[in-house]
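**Q** Residue numbers (the numbering used here), protein chains in the order written: chain U, 3 to 471; chain B, 3 to 471.
Virtual Cβ for every residue (Gly too), placed ideally from N, Cα, C.
(1) Could you give the residue range of the alpha helix (DSSP H) that holds residue 252 of chain U?
(2) Is residue 333 of chain U helix, strand or coil when you go by DSSP?
(3) Would you report the Cα separation of residue 163 of chain U and residue 157 of chain U, rounded to the nearest angstrom?
(4) Are residue 281 of chain B and residue 247 of chain B closer than 8 Å when you measure CB to CB?
(5) Please go through the region 305 to 368 of chain U and give each complete beta strand (DSSP E) segment of 3 or more residues, from N-terminal end onward.
(6) Would residue 252 of chain U pass as an interface residue toward chain B - the criterion being a Cβ-Cβ separation below 8 Å?
(7) Do residue 288 of chain U and residue 166 of chain U count as a contact pair if the criterion is CB distance below 8 Å?
(8) Just verifying my parser: in three-state terms, what is the DSSP assignment at residue 135 of chain B?
(9) So, helix, strand or coil for residue 456 of chain U, using DSSP?
(10) Relative to the alpha-carbon of residue 408 of chain U, which residue among U:200, U:389, U:216, U:341 has its alpha-carbon at the smallest distance?
(11) With 8 Å as the threshold, decide whether the Cβ of residue 402 of chain B is near any Cβ in chain U.
(12) Return the residues of the region 226 to 238 of chain U that lie within a Cβ-Cβ distance of less than 7 Å from chain B, sorted by chain order.
(13) Contact defined as beta carbons within less than 8 Å: I believe residue 1 of chain U pairs with residue 320 of chain U. What is the distance between those atoms, to the nearest angstrom?
(14) Which partner residues does residue 461 of chain U have in the DSSP bridge list?
(15) By how many angstroms is the C-alpha of residue 249 of chain B removed from the C-alpha of residue 264 of chain U?
(16) How far does the alpha helix (DSSP H) with residue 200 of chain U in it extend, from its first residue to its last?
(17) Does the distance from the CB of residue 192 of chain U to the CB of residue 436 of chain U come in under 8 Å?
(18) Short check: CB of residue 301 of chain B to CB of residue 63 of chain B, under 8 Å?
(19) If you follow the beta strand (DSSP E) that residue 80 of chain B is in, where does it begin and where does it stop?
(20) If we require 4 or more residues per run, which alpha helix (DSSP H) segments fall completely within the region 83 to 150 of chain U?
(21) For residue 431 of chain U, list the residues DSSP reports as bridge partners.
(22) Please report whether the beta-carbon of residue 335 of chain B lies at a distance below 8 Å from any beta-carbon of chain U.
(23) So residue 249 of chain B contacts chain U; which residues on that side make the cut at Cβ distance below 8 Å?
(24) DSSP three-state call for residue 74 of chain U: helix, strand or coil?
(25) Taking residue 171 of chain U as the reference, give the member of U:76, U:184, U:221, U:386 with the closest Cα.
(26) Can you confirm whether the region 435 to 449 of chain B touches the region 335 to 353 of chain B when touching is taken to mean that 3 or more C-beta pairs between the two stretches lie within less than 8 Å?
(27) Please classify residue 406 of chain U as buried or exposed, where buried requires at least 16 neighbouring CB atoms within 10 angstroms.
(28) Rounded to whole angstroms, what is the Cα-Cα separation between residue 471 of chain U and residue 58 of chain U?
(29) Just to make sure I have the definition right: I need the residues of chain U whose C-beta is within less than 9 Å of the C-beta of residue 273 of chain B. Which are they?
(30) Any idea what DSSP makes of residue 61 of chain B, helix, strand or coil?
(31) Could you run through the region 360 to 383 of chain U and flag, in chain order, every residue whose CB is less than 7 Å away from some CB of chain B?
(32) When you check each C-beta in the region 406 to 420 of chain U against every C-beta of chain B, which residues fall closer than 7 Å?
(33) At the level of alpha carbons, what is the spacing between residue 268 of chain U and residue 259 of chain U?
(34) Candidates U:78, U:444, U:451: which alpha carbon is nearest residue 224 of chain U's?
(35) From the beta carbon of residue 193 of chain B, is the nearest beta carbon of chain U less than 8 Å away?
(36) Buried or exposed: which applies to residue 93 of chain U, given that a residue is buried once 16 or more other Cβ atoms fall within 10 Å of its Cβ?
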């Protein structure tokens with residue numbers, strides 16, 4: 003569906019700013035390249051970048067994109083098996099987090115999750131047979147994002163997994179995410195033992211249908227309003243979802259009771275949600291994805307509509323740049339490690355959960371979640387500073403996401419790749435840290451910035467688009 | 003059980019600081035009074051007040067009192083009818099908020115609640131017969147505080163009402179509060195129509211027993227840890243209890259399901275709690291009362307262990323000053339009014355909910371709850387300033403109540419009457435505002451300070467105690 007290369011179907015003329023290797027690569031493909039002397043943070047005075055920055059078509063497109071992002075009203079309407087609701091999903095297709103990647107380049111936790119998913123689907127019986135199946139070429143891989151889906155960490159979605167369905171009625175799209183498995187040894191961190199597989203089966207057979215009955219009985223649940231409340235309750239809805247999970251549980255509990263198969267089963271469902279302060283994360287991600295989809299495809303817009311990592315690569319997509327990914331290396335996360343682990347154990351940055359920051363929550367609103375620093379490191383002053391920085395690289399403020407700590411200022415929303423490059427100021431992301439080996443799980447949490455090269459590439463590509471038009 | 007006068011059973015010698023009317027009153031009772039020239043805020047250099055301020059007996063006693071206040075571990079263990087569990091409770095006794103008061107001096111909302119409670123108990127059929135019963139002298143009134151109980155606003159507790167039972171195992175006391183009725187027309191704001199009475203009966207017959215079964219099945223619930231979490235989730239647990247109510251519901255929901263009589267009943271109980279973000283308030287108040295009781299009765303301690311208002315008078319009690327109330331006029335609340343109401347509709351300050359501030363939460367930790375200013379007025383900067391001020395008049399910081407906004411500094415706890423007078427800095431309180439007429443309900447919410455005279459009287463009384471010893 004998409005491609006990691008720059009568009010090459012029509013002859014290109016390129017205004018080149020930034021690292022030479024891109025200009026070199028383009029020149030090698032016989033593309034005319036105008037090389038502009040430029041360095042990050044000194045670029046404001048550069049004529050070529052100024053041209054991009056002041057193009058009224060970009061400004062107008064960005065306003066349109068961000069108003070759609072802000073205006074989206076995602077609604078949880080159902081929970082169903084992925085194969086029944088995700089268009090194109092089938093038994094031999096596995097979706098994963100981040101930009102496209104081959105098995106050979108996948109990191110440990112993603113491989114572990116792939117193996118687990120194949121065992122869970124009954125396509126393999128153990129690690130060896132799973133790896134054999136993968137190398138035989140019978141299994142297709144694709145980014146969740148290519149199917150309007152998102153998954154945290156490894157982000158693996160297979161056909162039988164129950165997915166939450168978000169409907170966005172204003173701009174008319176559907177998005178999907180798996181249900182959050184909880185903490186400890188879980189598939190999304192690459193664990194795949196019997197405990198993990200049994201839990202996935204219980205989620206498929208009990209949790210998913212129970213939630214589906216309750217949600218349908220309620221006629222759906224508005225997600226943006228719930229997130230907005232949680233932002234006034236110390237969550238930033240990426241790595242702190244305690245309030246949002248609580249709000250979801252209290253809202254859904256009566257319907258769970260009324261539509262439950264038995265008290266024993268309903269109590270177990272309630273305990274499962276109550277035991278996991280991140281239960282809301284996946285739901286929030288699917289809602290964020292709906293807002294991002296609404297904002298995507300506005301010609302000339304330089305607003306980022308995807309940021310995602312597969313544990314090896316980090317990639318972005320931009321509203322005005324079609325389905326192309328602008329990819330760089332997944333970065334090292336700086337943070338706090340659980341007892342017994344250190345940076346040497348850490349996998350590089352992984353997961354689709356950066357869809358949070360893409361639509362202005364998560365690390366972008368850490369000012370609203372000062373208690374999160376006990377989990378990811380730093381101080382409440384850092385959290386405040388991160389949010390204030392993000393106003394400099396975003397297009398608008400989302401007044402529905404009011405931050406009490408900033409006197410109810412709206413969240414900074416809509417990352418503009420031009421501003422990221424011009425100011426040499428990268429989006430801030432907070433994230434869990436996976437062990438680099440499959441099967442071990444989360445080893446910490448912290449702060450990471452994406453690779454600048456993704457944004458420079460996108461700026462270059464936007465320059466091409468503008469010249470073409 | 004207690005008395006609003008200064009102790010007069012033994013001859014007194016008084017060091018008098020503050021308003022002359024006290025010295026005059028004492029002189030009129032043939033008490034020897036040493037008058038000291040003094041004015042609030044200029045008092046720090048005053049020899050007599052300095053003597054009180056530097057008395058090592060007071061310092062030691064205050065440390066002991068506040069360590070008990072901080073060390074208390076209140077635990078919700080049951081819900082039972084008041085008459086079965088509150089020692090001395092009987093059918094013709096009504097407990098109310100604040101210091102002692104006669105029917106003649108009661109404000110509108112307190113009268114309305116008294117009438118409602120008599121109808122609810124089947125002792126009267128309407129307002130007229132209720133008032134006749136009261137004026138006949140057959141009904142006894144007493145402060146909730148005299149029975150280790152607390153009630154918000156009018157705070158009326160009658161024999162049949164289900165009360166939450168807090169057990170404090172370390173210092174060994176039991177405290178009580180009613181269940182929160184929700185918003186709108188409710189008894190605690192003086193409403194007493196059929197809707198109010200029917201709801202009270204449902205709470206007695208369904209809600210109370212359902213909660214009791216769940217809480218007993220869970221073996222009780224730790225309250226201080228839950229409040230501590232809520233303080234990191236934007237609550238201050240007096241006028242913002244949204245997070246705490248959510249945490250309570252999610253923790254208790256599985257047990258409610260497992261011990262419920264029917265799904266229909268359980269769902270209604272869950273909806274009742276979910277519909278009322280203040281459900282946690284009464285529970286928190288009983289837990290605060292347990293901490294205050296633990297800190298009470300330390301000889302020479304100048305730490306406040308009760309602040310309460312009956313809608314006419316405001317009263318405090320002090321750890322080292324026995325059961326005496328130090329009373330002044332209930333003050334006007336400054337805040338935001340609901341549509342259609344103004345200050346002219348407001349009753350003066352009312353309710354036992356100031357037990358929150360007494361043990362260091364509520365308005366004392368408004369820094370942690372910036373979103374509350376949308377309900378009570380002011381700005382997040384005001385909320386921060388209120389908390390910072392309170393460190394100046396309190397004895398210690400409660401490190402279990404960590405405030406993220408102040409870099410996890412502990413809550414200011416243990417109001418010292420000496421510091422209040424010396425610095426002319428009154429405790430800050432946030433509160434709902436009741437209509438001055440019975441039956442109408444809440445008309446707004448805001449900020450209020452208690453009358454200085456209560457603290458000056460307590461300082462005087464402490465001076466007497468020190469001289470006696």
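**A** The answer reads as follows:
(1) Looking at the DSSP string, the run of the alpha helix (DSSP H) that includes residue 252 of chain U is 244 to 261.
(2) coil
(3) Cα to Cα, the separation comes out at about 12 Å.
(4) yes
(5) Taking only runs of at least 3 residues, the beta strand (DSSP E) segments lying wholly in the region 305 to 368 of chain U are 306 to 312, 315 to 320, 328 to 331, 336 to 339.
(6) yes
(7) yes
(8) helix
(9) helix
(10) U:389
(11) no
(12) 234, 235, 236
(13) For residue 1 of chain U there is no data in the structure shown, the boundaries of chain U being 3 and 471.
(14) In the DSSP output, where bridge partners are listed per residue, residue 461 of chain U has none listed.
(15) 24 Å
(16) Residue range 196 to 204 is occupied by the alpha helix (DSSP H) that includes residue 200 of chain U.
(17) yes
(18) yes
(19) 77 to 83
(20) 84 to 87, 110 to 122, 129 to 137
(21) U:450
(22) So, not an interface residue.
(23) By Cβ distance, chain U contributes 248.
(24) When DSSP states are grouped into helix, strand and coil, residue 74 of chain U belongs to the coil group.
(25) U:76
(26) yes
(27) buried
(28) 13 Å
(29) Per Cβ cutoff of 9 Å: 255, 256.
(30) helix
(31) 372, 373, 381, 382
(32) From the region 406 to 420 of chain U, only 406, 407, 409 have a Cβ closer than 7 Å to chain B.
(33) 6 Å
(34) U:78
(35) no
(36) exposed
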